[in-house]
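Visitor:
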Amino acid sequence: MAHENILVVEDEEDILQLIKYNLTKEGYRVTAVGTGEAALKTARQTHPKLIILDLMLPGIDGLEVCQILKHDSATAQIPVIMVTAKGEDSDIVTGLEVGADDYIVKPFSPRVLTARVRSIFRRKAKEKTGELEPLKIREITINPGRHEVLIKDKPVDLTLTEFLILHFLARRPGWVYSRYEIVNGVRGEETIVTDRSVDVQIVGLRKKLGAAGKYIETVRGVGYRFKDL
Ligand code: CA
């Protein structure tokens, strides 16, 4: 049974209660706050294992909260699932750029929410056991245990999802993966697939990899692959 502490940041009471009810039912301990200011304070004080962050908040909005958390070494490691309104695609892109680890679009089903949460914790557990070995490919070093990517020994700052996609593709160079396979590969099978989110991640990933971004190849009509050696 899960007992991890999750911080939920949401100013709409009915949505907050819905999230809280479903996570509590799963065995998580939930702390709920309604403003960005309270979110920052609570995150620093209680070090939750996960933050579910609505972007539309009074005062400091969710994007800014995420940015502040990810720039503070005390809170940077806490995974963030952002909650966005339908149609606010620019928010999703910005959110992923400022370090959010995943997102969920309103209105969402409780099952999708709990699947995303479980998926984040599963990844974290995998990292903790250190079962994944460091991977060296061309000038890129991927260190799953430490969640670290180096290019020519210089660290690259990736979001969790970008990191997982890079690691997923680089494990089998030349192998073409569909967007569907990529989403499943990094998240687990019970989550809802959004192909478009993979494209957003790949764009961000290539940009951050700089010259090494060319190794992430688009295979037209199929998906993506890490360039074969
Ligand atoms: Ca809101």
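For any residue, its number in the working numbering is found by taking its place in the sequence shown, counting from 1, and adding 335.
The C-beta atom is built at its ideal place from N, Cα and C for all residues, glycine as well.
If you check the beta carbons only, do residue 448 and residue 358 fall under 9 Å apart?
Guide: Yes, Cβ-Cβ distance for residue 448 and residue 358 is below 9 Å.
Visitor: Taking the straight line between their C-alpha atoms, what separation do you get for residue 407 and residue 472?
Guide: So the alpha carbons of these two residues sit roughly 30 Å apart.
Visitor: Would residue 341 pass as a contact of residue 363 if the rule is Cβ separation under 9 Å?
Guide: Yes, these two residues count as a Cβ contact at 9 Å.
Visitor: Give me, in chain order, the residues of the same chain whose beta-carbon lies closer than 6 Å to that of residue 514; leave out the 5 immediate sequence neighbours on both sides.
Guide: 530, 533, 558.
Visitor: If the criterion is Cβ atoms closer than 9 Å, does the pair residue 560 and residue 520 meet it?
Guide: Cβ distance not < 9 Å, so residue 560 and residue 520 don't count as in contact.
Visitor: What's the call for residue 444, buried or exposed, on a 16-neighbour Cβ count within 10 Å?
Guide: Exposed, by the Cβ-count rule.
Visitor: Could you tell me the distance, in whole angstroms, from the CA atom of residue 409 to the CA atom of residue 395?
Guide: About 19 Å.
Visitor: Determine the DSSP secondary structure at residue 442, reduced to helix, strand or coil.
Guide: In the structure shown, residue 442 sits in coil (DSSP, three-state: anything other than H, G, I, E or B).
Visitor: Going by beta carbon distance, what residues of the same chain come within less than 7 Å of residue 495, once the five residues before and after it are set aside?
Guide: Excluding positions up to five away in sequence, the list reads 414, 436.
Visitor: Tell me, which residues are paired with residue 490 by DSSP?
Guide: Residue 490 is bridged to 485.
Visitor: As a quick exercise: from 366, 383, 344, pick the residue whose alpha carbon is nearest that of residue 397.
Guide: Comparing Cα-Cα distances from residue 397 to each of 366, 383, 344, the minimum goes to 344.
Visitor: DSSP three-state label for residue 509, please.
Guide: Coil, per DSSP.
Visitor: Residue 346 and residue 392 look like a contact to me (Cβ under 8 Å); what is the Cβ gap, rounded to whole Å?
Guide: That belief holds up - the Cβ atoms of residue 346 and residue 392 are roughly 5 Å apart, short of 8 Å.
Visitor: Counting only the same chain and skipping the five closest in sequence on each side, list residues whose C-beta sits under 8 Å from that of residue 373.
Guide: For residue 373, where only same-chain residues beyond five positions count, the Cβ hits under 8 Å are 344.
Visitor: Using CA coordinates, which residue listed in 517, 489, 503 is at the minimum distance from residue 543?
Guide: Per the Cα distances, 489.
Visitor: Secondary structure at residue 525, three-state DSSP: helix, strand or coil?
Guide: At residue 525 the pLDDT is 45, less than 50, meaning the model places this residue with poor confidence and gives no usable figure here.
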